[in-house]
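Numbering (my numbering), first residue to last: 117 to 181. Backbone N, C-alpha and C define an ideal beta-carbon position, used for all residues, glycine too. Keep in mind that this is a model prediction, so the values were computed, not measured.
What follows is the structure, given as structure tokens:
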């Protein structure tokens, strides 16, 4: 849990600083509204909890291709 801001706010700030930054978002909220918002804000990848650690490795590998 993020005490100062939520993930969407953090993604907005990161992208404002560097629009080309690769940002992998991890969320427990699989509601379409959250996913759509993350996509709209250009999250590089979205991983929904629960997940296997391999999902993180595979996502990073795909980003670095």
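Asked, Found
"Nonlocal neighbours in the same chain, by C-beta distance under 7 Å from residue 171, ignoring five residues either side", "163"
"Run of the alpha helix (DSSP H) containing residue 171, from where it starts to where it stops", "169 to 179"
"Nearest-angstrom Cα separation, counted from residue 124 out to residue 131", "11 Å"
"Residue 141, buried or exposed, once every other Cβ within 10 Å from all chains shown has been counted against 16", "buried"
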